Structure formats: structure tokens, C-alpha cells
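In what follows, a structure is listed as C-alpha cells, so that the remarks can point back to it.
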Amino acid sequence: MAAPMRKMLHGTARSLECPWRLRTLCAAATAAPAAAATPGKSAASPNGGSPWRLLGALCLQRPPVISQPLSPLQVEMAELLEQIEVEKSRYSDHEIRALEEAQRLERKKADIYDSDDDDEKDILLVQDLEDTWEQKFLQFKPEPRVTEADKKNDQTSLHRKLDQNLVLLVKEKLGDQETWMLPYAEWQVGETLRGTAERALATLSQNSVEAKFLGNAPCGYYKFKFPQAFRTENSIGAKVFFFKALLQSGNLSQARKKNDHAWVSKEELGDYLKPKYLAQQAFI
Amino acid sequence: MTPQGHPAPGPPDSQTILRWKEVRTGVRATRVLNSGGSGGAWDAGAEAEAMAALGAAARALALQGRSGGLRACLPRPCWPHAPGRESHLWATALLSLRAALPVRGEPLRKKKKVDPRKEQAAKDRLKKKIKKLEKVSQELIPIEDFITPVKYLQEERQRPEPEVPFEVSERRTLLMKKWTLYKQQEAEAEQKKIRSMLEAQQEALRELRQESELLYQAAIRRDDSLFPFEKEGPTYTPATPGYQAPEGKYNDVTKVYVQVVHKR
């Protein structure tokens, strides 16, 4: 059923104000209607008479790994709150110890009787402790927040933009044009739409990706009509239902070629998706 | 009933009557017992008297020692031994016999059926009281964070009062106001986003319903495998692959409270 799908999406592109060449369309259409359209016709009205075809699409998201950077106002506020907290607090044991030692040092400098005070109480001063702690902290090197993938702007890597949601987009070839869209699969009789989405994921990743689907209900839909050439009595267009899933483990890099898929953040969606298609993605 | 005018259960003999006079109280007791047995009223006082009398009779018997037993009870008109002793023995032996049998004025009072019910009612009331007490005294687990340890309330722990100059306090107030506005905008944006997502979902479900009722029903079914849903939140820096945390021993001194749930 892949061929009619592609043609449908051809139609999508067309309806989305893209220059379209009817000739190629018709050629493609006439080229394989015998092969593809007949199975389409034989499977006519699987939805019980409705003229719309059903597609289940998958919105696979990689949730953020690190926290977002604070805005300047937030930074100011955080500092202020810390200050107020310290002002309203009481001395801790560590601070009292520091104060006592400061007093003792003053007395040492001012007076000369150290012998009675200078028991073996604190060979280790508070200052020394703090220094050792500082040293230990500096020894630990955390991972940088801006990863290499960010610098290279590698779209297929999952380590890019760790503080944002990344959505998976795949490139579908439609005749002579390629469109970016969310991965989908045609609905088959006997499965729920969520099952369709799961099947889409499985075929796409060859079972190397684990995802947690968020519920049985779709989170959005997109409706489009086929161009005139493809419309039959039973299928005017198609409805795509999107299902949201959170990526838990695995990556697509083994399954697909390099340029076929991309993990894209919300702002970059506009660069990839067609405007009308994008408008429906309010749920991302 | 006085022993003088009342005929004895044994053969009415003048001699025996005389002997009975000697053991007056004891016999009277038995007389009374007998009369009570025939259906007369029973007196608590009389019972006590009877008990005392029986006790006395028993003591008398013990003192004199039993001799002859039943045979001694049978009155004979002419007995070679001293009549006093004989009479004592005979009477007290009779008394002891009567004492051996459960001689009460009335037939044994059976425990009436109301009693177990009353007992049960009393027990229930007690149980209810206990339950009430238990309800009130359910111990709540104390929240350690809300209880200030006493050592931090001491005087020497207090910081010196910070002197905040006017400009600083002004700046702080203005910053707080900006912050409230910012937070309000953030909350509104979040609400809007959530509403739009919900609306998109509702639209999708409506369209699906138009398509096929079966799929719609499958879509609105609750997904049981979704909850409990656990996910670790974002950290400040990404995780270093292959990082080994430094080893160290620690003593975990956290107090573990167990809340007792009182079962019915």
C-alpha cells in the first residue's frame, strides 16, 4: 500500500500550494494504478463507507535531558531569594566553628597566652576543610551542556539540544519531491489506530527503539484531500491521526540512512514542515 | 420458727426435742431452710443466719468428732452415753448432711436468657468506647522538617540583624513585583498551551468518531499500562557515560516511623 500513500501525499503537497506537475502525477498514477489502485479499490471503504482513508502517524519525542538555562530575571530572583534565606537563617555548626576559630586567631594575635587555649582541639581549621572541599569539587569534571552534536548541528544525533524536546521527522519521497513529515502507516482492518502508530514505529526502526505511548487517544489529526486524479468513489482524501510517544531508548541511526530522518526541535519544525501541516501540530 | 413448737423431721420424741433445744440456732436454721424449701420467702438475713448456723454446726461436729455417722442420727429413746454429746453429734451430723446437699430455699435459679444478651450489650458498649479512644489517639507521623531542633533556638545562634539600606530594599521590592508578573504570564501561557492541546485532541476524537465508531471506542478506552509512569527529570549537566561514583561508607540514621492503622 505504499504507492498509493505516496501519491496521496503528493496530493498533500499539491494542496499545500506547491508547484505541481500534473503530468508526472498522472503518469505516476497511470503507471501503477493497475498494480496499486486495484488493491486500493478492492480494499474499498474499509471504514464502513466513509470516503476518508485512515493513517496512523507517530509523534516520537525525546524528552529533555538537562534543564533549560535561566533567564536574567530568573537569575536575579534566585540570587535575591538566597540572600534573604541566609539573612533569616540561624548559624549552623560549621559557621559557629568558623566564628570561634576566628575569635581564637584574634586572641592569638592580640595576646600572647596561647598555651592554655591551644589544646589539640582543631588541628584542622575550618578554612582548611573548605579548601579541601573546593579542591575535590574542582577535580570533578561534568559533561558540557553544549555537546559536540550541537556544534556540528548534526540533525540525526539524539545528543543535540539536550534541553529541549526533539521530534522525529522522516523524509518521504513523493515522485520528484521529498517532503518532511511525521512517520505514518496506513490503518489495517482489525487494529486500533494506536496499533497502526506502533506498527509505523516498528517498521521504521526495525524494533531497535523503545517508546512509551501516552494513552490510546490521538493527540491531533490532519485532513487532506487527494488531487483530482487520485480521487476514487471511496477515497476523497485521508485523515492522519497523530499519536504521541516518549522515546525511552534506542536510536534510528542503524535502521535508516543518514539523510532520511531528523530529530528536530520545536523551533526548527518550521524549517522542515509545510505551513499547513505545521499548523496542525499544535500538540507538539 | 422456733424448734420448740415445730415437729422435727425425725421421730417426734420429747427427748429429741429437748436435745434440739440445745442446738437451737443450728436447728432453727435447718427449720428455716426447710420452710423456705416449701415455698416460703427467702431472706438474705435468714440465709446468712443459716450459713452461720451451718458453720457453727460444722465446727461443733468437728470438735466432737464424728462417731457413728448416720447411726448416730437415728434417735433412740434410751442411750447409754451422755445425751448432750449424743444430741450434738446427731444434730450436727444431720446438719452436715443437709449442708452437703445444695439446700437452698428455692430451686436452683437458671440463668435467664436475658443475661447473655445483657452481657453482650455491655461488651459491645465497651468495644465502642475502645474504638473511639483508638480513633482519637491515632498517631500521626511527625514531619521532621517542621520541628525546629531546640539547639537552633538558642541565643548564640542568632545572626546579627542585617541592616538593609533603603535602596536595596526598594530594589528588592521592585524585583519581587516583576517576578510576580513574570510568573503570572508563565502560568497563563502554560494554561493556554494545555487548553490548546486538549482542544486538538478533542477535535481529533470527533473526526475519528465520524470515521468509525469502533475505532473511537478503542481510542477513548483507558490505558492501564500508562500509570504508574516513572521518568527521571532533567539534570543540570548531562550524565557522563561510564562514571563511577566515589565509594564511601555512611550510617543512615533516618528515623523510620510506622503509622499504626487500627483495624476494626
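Protein chains in written order, with numbering that gives the first Met the number 0: chain G, 0 to 283; chain Y, 0 to 263. Virtual Cβ for every residue (Gly too), placed ideally from N, Cα, C. In this text, all values refer to a predicted model and were calculated from it rather than measured experimentally.
For Arg52/G, no alpha helix (DSSP H) encloses it; the enclosing beta strand (DSSP E) starts and ends at 51-61.
Gln138/G: member of the alpha helix (DSSP H) spanning 125-138, first to last residue. The closest CA to that of Leu72/G, considering only Tyr181/Y, Asn250/Y, Arg221/Y, is found on Tyr181/Y. Under the DSSP assignment, Gly219/G falls in the beta strand (DSSP E) whose first and last residues are 219-224. Counting only Cβ-Cβ distances below 9 angstroms, Asp222/Y has contacts in chain G at Arg193, Phe212, Leu213, Gly214, Asn215, Ala216, in chain order. Between Pro226/G and chain Y, the shortest Cβ-Cβ separation is not below 9 angstroms.
Contact between the stretch 87-101 of chain G and the stretch 203-220 of chain G is absent: fewer than three C-beta pairs spanning the two stretches fall below 8 angstroms. Residues of chain G with a Cβ closer than 8 angstroms to the Cβ of Thr236/Y are, in chain order, Ile65, Pro141, Glu142, Pro143, Arg144.
Neighbours of Ser49/G across chain Y, judged by C-beta separation under 9 angstroms: Gln209, Glu210, Ser211.
The beta carbon of Tyr249/Y does not come within 9 angstroms of any beta carbon belonging to chain G, so the residue lies off that interface. Burial check for Lys238/G: the Cβ neighbour count within 10 Å reaches 16 or more, so the residue is buried. The alpha carbon of Ser207/G has as its nearest neighbour, out of Leu213/G, Arg198/G, Glu78/G, Asn215/G, the alpha carbon of Arg198/G. For the pair Trp178/Y and Met180/G, the CB atoms are not nearer than the 9 angstroms cut-off.
Beta-bridge pairing by DSSP links Met180/G to Val169/G. Nearest to Gln205/G by C-alpha distance, out of Asn250/G, Lys87/G, Leu246/G, Pro62/G, is Asn250/G. Per DSSP, Gln216/Y has no beta-bridge partner at all. Bounds of the alpha helix (DSSP H) holding Val85/G are 71-87. Residues of chain Y with a Cβ closer than 7 angstroms to the Cβ of Leu161/G are, in chain order, Pro237. Bridge pairing for Leu246/G: Ala210/G [DSSP]. Listed along chain Y, no residue sits closer than 9 angstroms to Ala184/G by beta-carbon distance, the nearest being about 15 angstroms off. For the 9 angstroms CB-CB criterion, Ala281/G and Ala244/G do not form a contact. At a beta-carbon threshold of 8 angstroms, none of the residues of chain Y lie near Met180/G; the nearest stands roughly 17 angstroms away.
Taken through DSSP and simplified to helix, strand or coil, Glu166/Y comes out as helix.
Judged by DSSP secondary structure, Ala238/Y falls outside any beta strand (DSSP E); it is assigned neither H nor E. In this structure, Ala196/G lies near Phe242/G, with their beta-carbon atoms less than 9 angstroms apart. If you compare the alpha carbons of Lys135/G, Lys107/G, Glu86/G, Ile65/G with that of Pro245/Y, the shortest gap goes to Lys135/G. Beta-carbon to beta-carbon, Val263/G and Val166/G are separated by about 6 angstroms, close enough to satisfy the 8 angstroms threshold. Closest in alpha carbon position to Pro227/Y, among Lys224/G, Leu213/G, Glu232/G, is Leu213/G.
Using a 10 angstroms sphere on the CB of Gly269/G, the tally of other CB atoms stays under 16, which defines it as exposed. Straight-line measurement puts the Cα of Val74/G at about 13 angstroms from the Cα of Met175/Y.
Interface residue (Cβ-Cβ distance to chain G less than 9 angstroms): Pro161/Y is classified as such. Listed in chain order, the alpha helix (DSSP H) elements of length 4 or more contained wholly in the stretch 111-141 of chain Y are 113-135. Flagged as an interface residue toward chain Y: Arg89/G, by a C-beta distance shorter than 9 angstroms. For the 9 angstroms CB-CB criterion, Thr236/Y and Pro141/G form a contact. When DSSP states are grouped into helix, strand and coil, Val149/Y belongs to the helix group.
For Phe223/G, no chain Y residue has a Cβ inside 7 angstroms of its Cβ, as the nearest lies near 12 angstroms away.
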